[in-house]
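Colleague: Can you read through this structure? Questions will come right after.
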């Protein structure tokens with residue numbers, strides 16, 4: 001009986017989202033030689049080492065990229081299309097980077113929500129690792145654009161199942177406008193601000209602070225915070 005077994009490699013790719021005042025961003029690395037080039041951007045990833053657990057490989061990749069240890073990463077999907085590593089430029093890069101004999105490349109994708117003010121300490125061989133707006137992503141290697149789209153769909157599922165997931169992206173204190181823009185970015189659609197204010201008003205675990213914005217040209221907005229204690233108490237009461 002003839003078999004069609006192939007030489008398969010396994011990699012990990014990490015999708016790390018962060019939010020600043022105006023937009024949702026994703027952490028990318030540049031795989032090319034030119035430090036200031038905005039081309040050839042990709043998700044941080046790597047083939048896994050021999051005898052390395054895939055979860056450990058994901059943590060290694062993020063540490064090499066950012067210097068952050070033990071970031072919360074959730075495995076959310078495997079991407080295994082036979083065509084995902086067929087682009088000649090991608091094959092050329094793989095041959096240069098790893099010198100493997102790859103017939104097929106399967107990747108395990110991990111997702112993380114990170115407060116964007118966390119300091120990035122690039123200690124890897126990649127010269128350029130930065131935050132990029134998800135609305136301005138270039139055509140990336142392999143199927144990385146598809147992975148990003150799938151990860152956004154995954155975040156929406158998380159928020160629908162546990163609404164407080166959204167606060168993992170927000171700073172400790174935030175304005176209603178900030179959280180409104182974040183929801184619009186995650187769901188990629190306009191959300192009526194009046195209805196949004198009503199929705200926020202029902203969330204008793206979003207607490208208004210006395211503090212307001214300073215040094216802004218428009219009317220200073222009030223700051224709010226997520227009250228985790230109140231949320232846990234409310235959750236316990238419901239159960």
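In UniProt numbering, the protein residues as written are 1 to 239.
Don't be surprised by glycine CBs; every beta carbon is placed ideally from N, CA and C.
1) Looking at the structure shown, is residue 115 part of a helix, part of a strand, or coil, going by DSSP?
2) Going straight from the alpha carbon of residue 28 to that of residue 9, what length do you get?
3) From the DSSP output, which residues share a beta bridge with residue 133?
4) Among 199, 158, 203 and 141, which one has its Cα closest to the Cα of residue 44?
5) Roughly how many angstroms separate the alpha carbons of residue 130 and residue 158, rounded to a whole number?
6) Does residue 17 come out as helix, strand or coil in the three-state DSSP assignment?
7) Is it right to say residue 18 is buried, meaning 16 or more other beta carbons lie within 10 angstroms of its own, or is it exposed?
8) Please report the distance separating the alpha-carbon of residue 60 from that of residue 109.
9) Assign residue 218 to buried or exposed, taking buried as 16 or more other Cβ atoms, counted over all protein chains shown, within 10 Å of its Cβ.
10) Under 8 Å: do the region 197-211 and the region 222-235 share three or more Cβ pairs, one atom per stretch?
11) Considering residue 182, what are the terminal residues of the alpha helix (DSSP H) in which it resides?
12) According to DSSP, is residue 210 part of a helix, a strand, or is it coil?
13) Out of 185, 48 and 64, state which residue places its alpha-carbon closest to the alpha-carbon of residue 57.
14) Can you give me the Cβ contacts of residue 227 inside the same chain, cut-off strictly under 7 Å, excluding the 5 residues immediately before and after it?
15) May I ask you to report which of helix, strand or coil DSSP gives residue 69?
16) Where does residue 179 land, buried or exposed, given buried means 16+ other C-beta within 10 angstroms?
17) Compare the beta carbon distance of residue 134 and residue 155 with 7 Å and say whether it is the shorter of the two.
18) How many angstroms separate the CA atom of residue 65 from the CA atom of residue 188?
19) I'd like to confirm the pairing. Which residues does DSSP put opposite residue 105 in its beta bridges?
20) So who's on the other strand from residue 172, going by DSSP bridges?
21) Am I right that residue 16 and residue 112 are in contact with their C-beta atoms under 8 Å? What's the rounded C-beta distance?
Modeller: So, from the data block:
1) coil
2) 22 Å
3) 25
4) 141
5) 25 Å
6) In the structure shown, residue 17 falls within a strand segment according to DSSP collapsed to helix, strand and coil.
7) buried
8) 14 Å
9) exposed
10) The region 197-211 vs the region 222-235: in contact.
11) 176-187
12) The answer is strand: DSSP assigns residue 210 an E or B state.
13) 48
14) 205 and 207
15) coil
16) Buried is the call here.
17) no
18) 28 Å
19) Answer is 9.
20) Bridge partners of residue 172: none, in fact.
21) 5 Å
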